[in-house]
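*Asks:* Below is the structure I would like to discuss, written out as structure tokens.
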């Protein structure tokens, strides 16, 4: 047992030395290329470094800085603390890789226009405004699918601008995931529709929603017609069950 412990500590020490001294640009040249990801103006080492820009599927982060978290090695992970800018807003996250190769993000804090999210998902028939503020504890990636995530996402002001105009006030989504499906609660208050819903999102893009919707003001005729057609009216509220696919 002592021999194996010594070997393990020696391996960790070697990895720490490698990360502390290996130039970041050389490490990137040796690493497998990730589709849709480009990084420019790299300086420093794997331990501490920076890059002028990081572009992930069209989303550009500026002034990226990273620092290695050496204690993560003792839990079977490689973790880096990341800080960057997204437009005028700061971004923070912990990016990690398990020894098995699975990638994840933790402690994600960022804000971005809601319209950008729909654009990245390829949803062009709906126009929205307002910002999405994300405070996510854990994000897990699935090849070719939608990431699974746990945490809180707020959309405010939650405004739909096309194909109709609709104000939802503030919408808050609180979720947990088990690696294959994200589930949680969606609450919208302060708008012309009050919404309380259970939601589920699979990595394939399939989602389902069970909602209780209460009208709290004047809504477009198209919304009234939709609710009358697809939802059940009961005790002053509409009960809606809906499923579709984001991809």
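Residue numbers (the numbering used here): -11 to 235. The beta carbon of each residue, even a glycine, is placed where N, CA and C say it ideally should be.
Which runs of the beta strand (DSSP E) spanning at least 3 residues fall entirely within the segment 84 to 135, listed in chain order?
*Replies:* List check, beta strand (DSSP E) in window: 91 to 101, 115 to 128.
*Asks:* If residue 92 sits next to residue 129, beta carbons under 8 Å apart, how far is it from one beta carbon to the other, in whole angstroms?
*Replies:* Along the chain shown, read from residue 1 onward, the residue named residue 92 stands at position 104. Along the chain shown, read from residue 1 onward, the residue named residue 129 stands at position 141. About 7 Å; that satisfies the 8 Å criterion.
*Asks:* For residue 231, name the three-state secondary structure that DSSP assigns.
*Replies:* As a working note, residue 231 is residue 243 in the chain shown. Residue 231: strand per DSSP, three-state reduction.
*Asks:* Using the Cβ count rule (16 or more neighbours within 10 Å means buried), how would you classify residue 222?
*Replies:* Here residue 222 corresponds to residue number 234 of the chain shown, with the count starting at 1. Exposed, by the Cβ-count rule.
*Asks:* Going by Cα to Cα distance, which pick from 204, 165, 75 is closest to residue 177?
*Replies:* Start at 1 with the first residue of the chain shown, and residue 177 comes out as number 189. It is 204 whose Cα lies nearest to the Cα of residue 177.
*Asks:* Per DSSP, what kind of secondary structure is residue 217 in: helix, strand or coil?
*Replies:* Taking the chain shown and counting its residues from 1, the one referred to as residue 217 is at position 229. Correct three-state label for residue 217: helix.
*Asks:* Cα-Cα, which of 192, 135, 124, 133 is closest to residue 160?
*Replies:* Translated into positions along the chain shown, residue 160 becomes position 172. That would be 124, whose Cα lies nearest to the Cα of residue 160.
*Asks:* If I measure Cβ to Cβ from residue 210 and keep anything under 6 Å in the same chain, skipping five residues before and after, which residues do I get?
*Replies:* The residue you call residue 210 lines up with position 222 of the chain shown. Counting only Cβ-Cβ distances below 6 Å, and skipping sequence neighbours, we find 152.
*Asks:* What are the residues that DSSP puts in a beta bridge with residue 196?
*Replies:* The residue given as residue 196 occupies position 208 in the chain shown. Paired residues: 188, 231.
*Asks:* Looking only at its chain, what residues have a beta carbon closer than 6 Å to the beta carbon of residue 215, apart from the 5 residues adjacent to it on each side?
*Replies:* Locating residue 215 in the chain shown gives position 227, where the first residue counts as 1. Hits under 6 Å: 226.
*Asks:* Residue 144 and residue 118 - do their beta-carbons sit closer together than 7 Å?
*Replies:* Taking the chain shown and counting its residues from 1, the one referred to as residue 118 is at position 130. Taking the chain shown and counting its residues from 1, the one referred to as residue 144 is at position 156. Cβ atoms of residue 118 and residue 144: closer than 7 Å.
*Asks:* Specify the secondary structure class of residue 206 as computed by DSSP and reduced to three states.
*Replies:* Within the chain shown, residue 206 is the residue found at index 218, counting from 1. Coil.
*Asks:* Once DSSP output is grouped into helix, strand and coil, what is the label at residue 144?
*Replies:* Walking along the chain shown from the start, residue 144 turns up at place 156. Correct three-state label for residue 144: strand.
*Asks:* What is the DSSP secondary structure of residue 168, counted as helix, strand or coil?
*Replies:* Indexing the chain shown from 1 puts residue 168 at position 180. Coil, per DSSP.
*Asks:* Any idea which residues DSSP pairs residue 69 with across the strands?
*Replies:* Counting from one through the chain shown, the residue named residue 69 turns up at place 81. Its beta-bridge partners are 55, 82.
*Asks:* Going along the chain, which residues of its own chain have a beta-carbon closer than 8 Å to the beta-carbon of residue 37, five neighbours each way excluded?
*Replies:* The sequence position of residue 37 within the chain shown is 49, counting from 1. So the list reads 12, 30, 31, 53, 54, once near-sequence residues are dropped.
*Asks:* By how many angstroms is the C-alpha of residue 217 removed from the C-alpha of residue 158?
*Replies:* Looking up residue 158 in the chain shown gives position 170. Looking up residue 217 in the chain shown gives position 229. The alpha-carbon atoms of residue 158 and residue 217 are separated by roughly 26 Å.
*Asks:* Around the Cβ of residue 163, are there at least 16 other Cβ atoms within 10 angstroms (buried) or fewer (exposed)?
*Replies:* As a first step, residue 163 is located in the chain shown; it is residue number 175 there, counting from the start. Under this definition residue 163 is a buried residue.
*Asks:* Enumerate in chain order the residues of its own chain whose CB-to-CB distance from residue 142 is below 6 Å, with the five nearest sequence positions on each side excluded.
*Replies:* Mapped onto the chain shown, residue 142 falls at position 154. Taken in chain order, the residues that qualify are 121, 160.
*Asks:* Any idea if residue 170 is buried or exposed, counting beta-carbon neighbours within 10 angstroms, 16 or more meaning buried?
*Replies:* Here the question's residue 170 lines up with position 182 in the chain shown. Per the 10 Å Cβ criterion, buried.
*Asks:* Could you have a look at residue 183 and say whether DSSP puts it in helix, strand or coil?
*Replies:* Within the chain shown, the letter at position 195 stands for residue 183. The answer is strand: DSSP assigns residue 183 an E or B state.
*Asks:* Could you check if residue 87 is buried or exposed, using at least 16 other CB atoms within 10 Å of its CB as the buried criterion?
*Replies:* For the purposes of this step, residue 87 is taken as residue 99 along the chain shown, with counting starting at 1. With fewer than 16 other Cβ atoms within 10 Å, it is exposed.
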